[in-house]
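Number of protein chains: 2
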Amino acid sequence: MTDAPMTIREMCAAFDVTPRTLRFYETKELLTPERVGQRRLYGKRDRARLTLILRGKRFGLSLEDIRQLLDLYARDSVNEAQMRRACELGRARLAQMQAQRAELDEAIADLTTELAWGEGQLARLARAAE
Amino acid sequence: MTDAPMTIREMCAAFDVTPRTLRFYETKELLTPERVGQRRLYGKRDRARLTLILRGKRFGLSLEDIRQLLDLYARDSVNEAQMRRACELGRARLAQMQAQRAELDEAIADLTTELAWGEGQLARLARAAE
DNA sequence: CGTTTCCTTGACGTGCACGTCAACCAGCCT
DNA sequence: AGGCTGGTTGACGTGCACGTCAAGGAAACG
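Heads up: the sequence lines are chains A and B, in that order.
The first sequence lines up with residues 881 to 1010 when you count with this note's numbering.
The second sequence lines up with residues 881 to 1010 when you count with this note's numbering.
Right, here's the structure in full:
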């Protein structure tokens, strides 16, 4: 059931995107749904890809960045050179993500500190108001 | 020394941005450099803010999102209501960042797995080539 | 003094990621 | 046959985050 192809509307509901978005991603070769006559049908593969696309976006990657990454996930890298290149990109991206993770930890720490200060001030104000 | 005000060029060199970008951020009220006559001078505060701005961007935040966040970091939230609101936003953002962190960890795990598979394939190809 | 250099403020242009609208099938219902 | 629903392809519009001139001020240099 969960691997049955979905219509464009079902996709939109499931991933909270608009039809325009899905068709746009298709022109960018991020998705390649089947066609039944005219209509698009999105299979398991496209759903997995869309998950990765949206995740990538949440981290500020461009659609072009994401397309490169998807090539790594697409196991059909026919020849060795292509595959080697995909692995290169993957390693680079991994390093980048780890750096981003470190930065995110720092940002979380900063914000936590700042927030503690803010809450402290509020508490002080509350006491002063009595 | 490190807290001496910087010119726009020095800022550009230090943060790897263009003058246009700094002026643009100013129109968006993200930066508020001093003026000496016409020229801008960026102090410690603006440098700190710019650091946060660029960090925010790396995580896909819009400039408007970032402006909201900077309000929290700006300790001059005059009245209590404003301050309370800033803390609200901060807590929400913190939760969001923690979620993003979890997602990032997952993405890193995925990519690591995928990469291991890819490297494995390459190794297999290398052995087969002998 | 003129020229060069650095900076300034508009104003318009650009690339990305879509939104919006028009016109047009293709089934299905009655 | 007529109409509705849901999907399709263009084509053009939009918001954001700047880039790219154009025109000019002010200071520094020879």
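For every residue, glycine included, the Cβ atom is placed at its ideal position computed from N, Cα and C.
Judged by beta-carbon spacing, residue 920 (chain A) lies beyond the 8 Å limit of residue 946 (chain A), meaning their Cβ atoms are not closer than that value. Contact between the segment 964 to 979 of chain B and the segment 889 to 896 of chain B is not established, with fewer than three Cβ pairs separated by less than 8 Å. Here the segment 901 to 910 of chain A makes no contact with the segment 905 to 916 of chain B; the two share fewer than three CB pairs at distances below 8 Å. One thing to note: residue 977 (chain B) has its Cβ within 8 Å of the Cβ of residue 991 (chain A).
Using a CB distance below 7 Å, the part of the segment 949 to 983 of chain A facing chain B consists of 952, 953, 960, 963, 964, 966, 967, 970, 971, 973, 974, 977, 978, 980, 981 and 983, ordered along the chain.
Taking the C-beta atoms as reference points, residue 966 (chain B) is found nearer than 8 Å to residue 951 (chain B). Contacts between residue 1000 (chain A) and chain B, judged by CB atoms closer than 8 Å, are missing: the closest CB pair is about 10 Å apart. When only Cα atoms are considered, residue 959 (chain B) and residue 927 (chain B) end up about 25 Å apart.
For a cut-off of 8 Å, the C-beta gap from residue 922 (chain A) to residue 885 (chain A) is around 6 Å, short enough to register as a contact. Think of a sphere of 7 Å around the beta carbon of residue 894 (chain B): no beta carbon from chain A falls inside it, the nearest being about 18 Å out. Shown here for residue 935 (chain B): not one same chain residue has a beta carbon closer than 8 Å to its own, the five before and five after excluded. In the DSSP assignment, residue 944 (chain A) falls outside any beta strand (DSSP E) and lies within the alpha helix (DSSP H) extending over 943 to 953.
Note that the C-beta distance between residue 883 (chain B) and residue 924 (chain B) is below 8 Å.
Linking residue 983 (chain B) to residue 949 (chain A) through their CA atoms gives a straight-line distance of about 17 Å.
Around residue 987 (chain A), the beta-carbon contacts reaching into chain B at under 7 Å are 935 and 977. Interface residue (Cβ-Cβ distance to chain A less than 8 Å): residue 992 (chain B) is classified as such. With 16 or more other Cβ atoms inside 10 Å of its own Cβ, residue 980 (chain A) counts as buried. Burial state of residue 987 (chain A) is buried, judged by a 10 Å Cβ sphere holding 16 or more other Cβ atoms. Around the beta carbon of residue 998 (chain B), a 10 Å sphere encloses 16 or more other beta carbons of the protein chains shown; the residue is thus reported as buried. Chain order gives the chain A residues near residue 938 (chain B) as 940, 980 and 983, where near means a beta carbon separation below 8 Å. Using a Cβ-Cβ cut-off of 8 Å, residue 930 (chain A) does not count as an interface residue toward chain B, since no Cβ of chain B sits closer than that to its own. Interface residue (Cβ-Cβ distance to chain B less than 8 Å): residue 1005 (chain A) is classified as such. At a Cβ-Cβ threshold of 8 Å, residue 939 (chain A) and residue 939 (chain B) count as neighbours.
Looking at the backbone, the Cα of residue 1004 (chain A) and that of residue 964 (chain B) are separated by about 13 Å. Taking 7 Å as the Cβ-Cβ cut-off, the segment 900 to 916 of chain B has no residue approaching chain A. By a beta-carbon distance limit of 8 Å, residue 914 (chain A) does not contact residue 953 (chain B). Their separation comes to about 50 Å. In the three-state reduction of the DSSP assignment, residue 910 (chain A) falls in the coil class. A direct Cα-Cα distance of roughly 21 Å separates residue 942 (chain A) from residue 989 (chain B).
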